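Everything below concerns the one structure shown next.
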Amino acid sequence: GAVVSQHPSWVICKSGTSVKIECRSLDFQATTMFWYRQFPKQSLMLMATSNEGSKATYEQGVEKDKFLINHASLTLSTLTVTSAHPEDSSFYICSAREDRGNQPQHFGDGTRLSIL
Amino acid sequence: AQKITQTQPGMFVQEKEAVTLDCTYDTSDQSYGLFWYKQPSSGEMIFLIYQGSYDEQNATEGRYSLNFQKARKSANLVISASQLGDSAMYFCAMREGGSGSARQLTFGSGTQLTVLP
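For the protein sequence lines, the chains are A and B, in the order given.
Residue numbers for the first sequence follow this note's numbering, beginning at 51 and rising by one.
Residue numbers for the second sequence follow this note's numbering, beginning at 6 and rising by one.
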């Protein structure tokens with residue numbers, strides 16, 4: 051079945067560091083990928099929609115300069131948390147859906163980000 | 006207004022029993038899709054079942070079935086013969102627009118299911 055690979059699975063780093071998270075669709079093309087953030091015991095909140103070859107669409111309240119999204123190919127989107135601070139600590143999860151037909155979104159395994 | 010509502014923050018069920026997790030939705034689109042995902046404590050999101058708004062029959066996938074009541078705008082998940090491994094958070098989600106829509110999923114707040122031995 052369709053697989054989405056997300057890397058790294060967890061990151062611990064110092065405040066002020068920039069962290070890049072990769073999301074790859076392994077066996078299908080995805081023009082659109084989605085980035086979510088999830089706090090403990092809460093639901094997934096959409097941060098942005100990543101569009102191949104064009105700018106990402108950010109949800110209200112999400113800082114574009116803080117969360118940089120690049121979708122350079124049909125199988126790869128990256129989220130960079132720039133100058134991360136402790137309040138950016140969270141679980142980040144990406145998803146992708148095959149461009150053809152009526153397919154569900156497939157999720158990566160998520161990235162646990164801890165900023166010290 | 007909430008687009009997806011899950012009114013049960015937590016549910017308990019005895020092993021081998023069936024359990025129903027509630028989900029209601031709100032949309033003005035005629036074409037939409039409803040999804041259920043399972044999230045164990047490890048964090049990954051596992052797709053369980055899908056129901057299209059034009060599907061006349063309730064979706065079934067193994068022990069999972071979706072009780073789709075369009076007029077009531079509900080899409081409850083039924084898990085039959087619960088297993089200990091079913092203990093997890095369950096999210097109901099909706100995608101508005103047609104089958105080719107690239108629109109995002111909107112998630113409910115989730116239901117934490119605990120299966121008791």
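Just so you know, even glycine gets a beta-carbon here, dropped at the ideal spot from N, CA and C.
The structure displayed is predicted, hence computed values, not measured ones.
Check: What three-state label does DSSP hand Gly-171 of chain A in the structure shown?
Finding: With chain A covering 51 to 166 only, the question about residue 171 of chain A has no answer from this structure.
Checklist line | Length of the line joining the Cα atoms of Gln-79 of chain A and Ala-98 of chain A | finding: Along the first sequence, read from residue 1 onward, the residue named residue 79 of chain A stands at position 29. Along the first sequence, read from residue 1 onward, the residue named residue 98 of chain A stands at position 48. If you take the alpha carbons of Gln-79 of chain A and Ala-98 of chain A, they lie about 19 Å apart.
Note to self: For the pair the region 56-75 of chain B and the region 141-149 of chain A, tell me if three or more CB-CB distances fall below 8 Å.
What the structure shows: no
Check: At least one CB of chain A closer than 8 Å to the CB of Gln-35 of chain B: is that the case?
Finding: On the second sequence, residue 35 of chain B is found 30 positions in, with the first residue counted as 1. Judged by the 8 Å Cβ criterion, Gln-35 of chain B is not in contact with chain A.
Next item on the list: Starting from the C-beta of Gly-102 of chain B, find all residues in its chain whose C-beta is less than 6 Å away, skip the five residues before and the five after it, and write them out in chain order.
Entry: Locating residue 102 of chain B in the second sequence gives position 97, counting from the first residue. So the qualifying residues of the chain are Arg-108.
Next item on the list: Can you grab the Cα-Cα spacing for the pair Leu-53 of chain B / Ser-92 of chain B, in whole Å?
Entry: Start at 1 with the first residue of the second sequence, and residue 53 of chain B comes out as number 48. Start at 1 with the first residue of the second sequence, and residue 92 of chain B comes out as number 87. Straight-line Cα distance between these residues: approximately 14 Å.
Check: Under a three-way DSSP split, which group does Leu-89 of chain B fall into?
Finding: Against the second sequence, residue 89 of chain B aligns to sequence position 84. Of the three classes helix, strand and coil, the one that applies to Leu-89 of chain B here is helix, per DSSP.
Check: Helix or strand or just coil, what does DSSP make of Glu-61 of chain B?
Finding: For the purposes of this step, residue 61 of chain B is identified with residue 56 of the second sequence, where counting begins at 1. Correct three-state label for Glu-61 of chain B: coil.
Next item on the list: Compute the beta-carbon to beta-carbon distance between Met-16 of chain B and Leu-118 of chain B, rounded to the nearest angstrom, for a pair I have assumed lies under 8 Å.
Entry: Stepping through the second sequence from its first residue, residue 16 of chain B is reached at position 11. Stepping through the second sequence from its first residue, residue 118 of chain B is reached at position 113. With a Cβ gap of about 5 Å, Met-16 of chain B and Leu-118 of chain B count as contacting.
Next item on the list: Identify whether Cys-148 of chain A lies in helix, strand or coil by the three-state DSSP scheme.
Entry: To locate residue 148 of chain A, count along the first sequence from 1; it is residue 98. Residue 148 of chain A is actually Glu in this sequence, not Cys. Residue state, collapsed to three classes: coil.
Check: How would you write the range of the beta strand (DSSP E) that Leu-121 of chain B sits in, first residue to last?
Finding: Sequence index remark: in the second sequence, residue 121 of chain B carries index 116 (1-based). Here the beta strand (DSSP E) through Leu-121 of chain B covers 116-121.
Checklist line | Buried versus exposed, by CB contacts within 10 Å (16 or more), Ala-98 of chain B | finding: Counted from its first residue, the second sequence places residue 98 of chain B at position 93. Its Cβ being crowded by 16 or more others within 10 Å, Ala-98 of chain B is buried.
Margin query: On the criterion of 16 or more Cβ atoms from any shown chain inside 10 Å, does Arg-74 of chain A qualify as buried, or is it exposed?
Written below: Locating residue 74 of chain A in the first sequence gives position 24, counting from the first residue. When all chains shown are included, Arg-74 of chain A counts as buried.
Check: So with Cβ pairs under 8 Å, would you call Gly-66 of chain A a contact of chain B?
Finding: Numbered from 1 along the first sequence, position 16 holds the residue referred to as residue 66 of chain A. Output row for Gly-66 of chain A: interface = no.
Margin query: Less than 8 Å between CB atoms is the rule here; does Leu-129 of chain A satisfy it with respect to chain B?
Written below: Locating residue 129 of chain A in the first sequence gives position 79, where the first residue counts as 1. Cβ-Cβ to chain B under 8 Å: no for Leu-129 of chain A.
Next item on the list: Can you tell me which of the three DSSP states Glu-109 of chain A falls into?
Entry: Sequence index remark: in the first sequence, residue 109 of chain A carries index 59 (1-based). In this structure, Glu-109 of chain A counts as coil in the three-state DSSP scheme.
Check: Which residues of chain B have a Cβ atom closer than 7 Å to the Cβ of Pro-154 of chain A, listed in chain order?
Finding: As a working mapping, residue 154 of chain A is identified with position 104 in the first sequence. Ordered by position in chain B, the residues that pass the 7 Å Cβ test against Pro-154 of chain A are Phe-40, Phe-52 and Tyr-55.
Check: Per DSSP, Cys-97 of chain B forms a beta bridge with which residues?
Finding: Taking the first residue of the second sequence as position 1, residue 97 of chain B is located at position 92. DSSP lists B:Trp-41 as partners of Cys-97 of chain B.
Notebook entry, point to check: So with Cβ pairs under 8 Å, would you call Phe-17 of chain B a contact of chain A?
Noted result: Taking the second sequence and counting its residues from 1, the one referred to as residue 17 of chain B is at position 12. No - not a single Cβ of chain A is within 8 Å of the one on Phe-17 of chain B.
Notebook entry, point to check: Based on the DSSP output, what are the partners of Thr-125 of chain A in its beta bridges?
Noted result: Within the first sequence, the letter at position 75 stands for residue 125 of chain A. According to DSSP, Thr-125 of chain A bridges with nothing at all.
Note to self: What does DSSP give as the partner residue(s) for Gln-79 of chain A in the beta ladder?
What the structure shows: The residue given as residue 79 of chain A occupies position 29 in the first sequence. Note: Gln-79 of chain A sits in no beta bridge, so no partner.
Next item on the list: Keeping to the same chain, check which residues put their C-beta closer than 6 Å to that of Gln-62 of chain B; ignore five residues upstream and five downstream.
Entry: Start at 1 with the first residue of the second sequence, and residue 62 of chain B comes out as number 57. Closer than 6 Å at Cβ, skipping near neighbours: no residue.
Next item on the list: For Asp-115 of chain A, I'd like the list of residues in its chain whose CB is within less than 8 Å of its CB, leaving aside the five on either flank, ordered along the chain.
Entry: Translated into positions along the first sequence, residue 115 of chain A becomes position 65. Hits under 8 Å: Thr-132.
Next item on the list: Report all residues from its chain with a CB closer than 7 Å to the CB of Tyr-30 of chain B; omit the five preceding and five following residues, and keep chain order.
Entry: Mapped onto the second sequence, residue 30 of chain B falls at position 25. For Tyr-30 of chain B, where only same-chain residues beyond five positions count, the Cβ hits under 7 Å are Lys-8, Ile-9, Leu-39, Lys-78, Ala-80 and Met-99.
Check: With C-beta atoms as the reference, is Ala-23 of chain B less than 8 Å away from Val-120 of chain B?
Finding: Within the second sequence, numbered from 1, the residue matching residue 23 of chain B stands at position 18. Within the second sequence, numbered from 1, the residue matching residue 120 of chain B stands at position 115. No, these two residues do not count as a Cβ contact at 8 Å.
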